[in-house]
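Position one of the sequence shown corresponds to residue 76 (our numbering), numbered consecutively onward.
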Amino acid sequence: QAIRPGGRFAFTAEAGGGDRYDLQVKTRRYRHSKPYLQKLAEMHGFVEEHFEAVALRSEALKPVAGWLVVLKK
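What follows is the structure, encoded as structure tokens:
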């Protein structure tokens, strides 16, 4: 409700596979699939403006895969 028509919502999320999300036991972090995030955006009246695979950070000297997402209301 806080985002007016034409407004944007940008965020990052840890990337996962499948159709939904899952909790990684070791890191205690959730990973989200691209289709799941796209479905949520559509359900809440957003249009995908940008969706890019990125490295969010490094853990144990390895990049952690993620999504950079920009949605428009």
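We treat Cβ as the ideally placed atom computed from N, Cα and C, and that holds for glycine.
In this text, all values refer to a predicted model and were calculated from it rather than measured experimentally.
Asked	Found
Are the stretch 125-145 and the stretch 92-101 touching, with three or more C-beta to C-beta distances below 8 angstroms?	no
Could you have a look at Q113 and say whether DSSP puts it in helix, strand or coil?	helix
Out of E89, A85, R83 and Q76, which has the shortest C-alpha to C-alpha gap to G141?	E89
Just list the residues that DSSP pairs F121 with in beta bridges.	Beta-bridge pairing links F121 to no other residue.
If the criterion is Cβ atoms closer than 7 angstroms, does the pair F84 and L136 meet it?	no
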